Structures are given as C-alpha cells and as structure tokens.
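Here the sequence shown stands for residues 122 to 300, numbered as in my numbering. Cβ coordinates follow ideal geometry from the N, Cα and C atoms, glycine included. Keep in mind the model is a prediction, meaning the values are calculated, not measured. Before any comments, here is the structure.
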Amino acid sequence: MLKAIGSKVDLLKDEKGKTYYYFVSDLLENELVLKMNDFIQHGDTTCFQHCLNVSYYNYKICSLFSWNARAAARAGLLHDLFLYDWHTYKPDKGERLHGFTHAGTALKNASENFYISDLEKDIIEKHMFPLNITAVPRYRETLVIVLVDKYCGLLETVIPRMKKAGKVFHRISVRKRSA
Ligand SMILES: [Fe+2]
Ligand SMILES: [Fe+2]
Numbered sequence: 122m123l124k125a126i127g128s129k130v131d132l133l134k135d136e137k138g139k140t141y142y143y144f145v146s147d148l149l150e151n152e153l154v155l156k157m158n159d160f161i162q163h164g165d166t167t168c169f170q171h172c173l174n175v176s177y178y179n180y181k182i183c184s185l186f187s188w189n190a191r192a193a194a195r196a197g198l199l200h201d202l203f204l205y206d207w208h209t210y211k212p213d214k215g216e217r218l219h220g221f222t223h224a225g226t227a228l229k230n231a232s233e234n235f236y237i238s239d240l241e242k243d244i245i246e247k248h249m250f251p252l253n254i255t256a257v258p259r260y261r262e263t264l265v266i267v268l269v270d271k272y273c274g275l276l277e278t279v280i281p282r283m284k285k286a287g288k289v290f291h292r293i294s295v296r297k298r299s300a
C-alpha cells in the first residue's frame, strides 16, 4: 500500500491515484529514490515517505489550478534526494548547515540520474525558501512546494505524537475503569 499522510487513496490501486501514479511510476521504482527509505526525515517518517507526501499534495494542488501537476509531482518526489542521515550529518569546515545545502545536493543527485526540466529544477532547488533567502521561487509550482513541504513536515511531526498521546490516554482510562 502506498499512501500520502492524511490521505485514504491507495496510490497503487485506487482509480483516484491513477494519474498521479502514471506521472511518477518510473521514479517510484527507481533504486536511488527507494534508497530514501533508509533515512528518517521527521519523527518516524522516512525521507521516501516525506517526499511521497510532498509530491502527492503538490500534485493535488497544482491539478486543482490546472498548473503543471506532472512537474510538481516529479520534483516533489526528488526534492529531498540528498541521501544521508541529516541528524548525524556534520558539515565540513566552512560548509553551511544541512538546511541550507540539502536542496542543492538533492538537485545534483536528481540531475545526474534523471531528466529534470527547468521548472522541476526550480522546484527542487528553491523548496527551502525563505530559509534560503537568495533562492527565490520563479514559478507558482515552486511556491506550492514551499508551503506543502512545511505543511507535511508539521503533519509528520504532530500526527505520530498525537497517536502516541491517544494510546497513553486510552491505557490510563482503561486502568481507571478496571480499578
Ligand atoms: Fe528539504
Ligand atoms: Fe522536504
């Protein structure tokens, strides 16, 4: 089963996910893209799942406005293709922190392995705006990822914590009832 966070659509089976899957199926089967499963992005969410979340909501929003949903989906899936554990990453002397450099690393990896259009390049390279204040989005699809990336990051951090808190609350209430 392949789903974006907060969505019920099974992207491998459901009719609703068909166009999205058609746009990104080659990337979803690619070894390098799947390698993102080896790294955690936020909480319990892997880098692959985070990129899938961002890619799917990029696609949904851009489809809604008849913008370039294909580029939004593909660049969304590649936007964090930096391929290392950023929690333990130590920049070399004079090198900037992960937050400032990883978009460039992801773009380099993506460009070396896939055909990347100018729009997709802009989406990947500038998704960290406004942290990267000089990487100003040139296209509306890039503005979409700027917002969607932060929204997904928030969901990925908050939802698992709420689930854990819910389980603890449930255990306490069961104990109280049986006391
Ligand atoms: Fe990122
Ligand atoms: Fe991201």
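Output yes or no for whether 7 Å exceeds the beta carbon distance between residue i and residue j.
i	j	result
residue 224	residue 248	yes
residue 266	residue 179	yes
residue 262	residue 188	yes
residue 198	residue 145	yes
residue 200	residue 237	no
residue 234	residue 153	yes
residue 174	residue 125	yes
residue 220	residue 264	no
Under a Cβ-count criterion, where at least 16 other Cβ atoms within 10 Å of its own Cβ denotes burial, should residue i be classed as buried or exposed?
i	result
residue 192	buried
residue 133	exposed
residue 217	exposed
residue 166	buried
residue 169	buried
residue 210	exposed
residue 176	buried
residue 282	exposed
residue 286	exposed
residue 194	buried
Just to confirm my understanding: we take residue i, look at its own chain, exclude 5 residues before and 5 after, and list those with CB closer than 7 Å. What are they?
i	result
residue 250	256, 257, 258, 267
residue 274	163
residue 260	240, 243
Across which residues does DSSP place residue i in a beta bridge pair?
i	result
residue 163	166
Excluding five sequence neighbours on each side, which residues of the same chain lie with their C-beta closer than 6 Å to the C-beta of residue i?
i	result
residue 202	227, 230, 231
residue 206	160
residue 142	132
residue 137	130
residue 182	265
Identify, in the order they occur along the chain, each residue of the same chain with its Cβ nearer than 8 Å to the Cβ of residue i, setting aside the five sequence neighbours on each side.
i	result
residue 222	212, 216
Does any residue of chain B have a CB that is nearer than 7 Å to the CB of residue i?
i	result
residue 268	The structure shown contains no chain B; it holds only a single protein chain.
Task: Sequence-ordered residues whose beta carbon comes within less than 6 Å of a heavy atom of ligand 2 - done: 171, 175, 200, 201, 270
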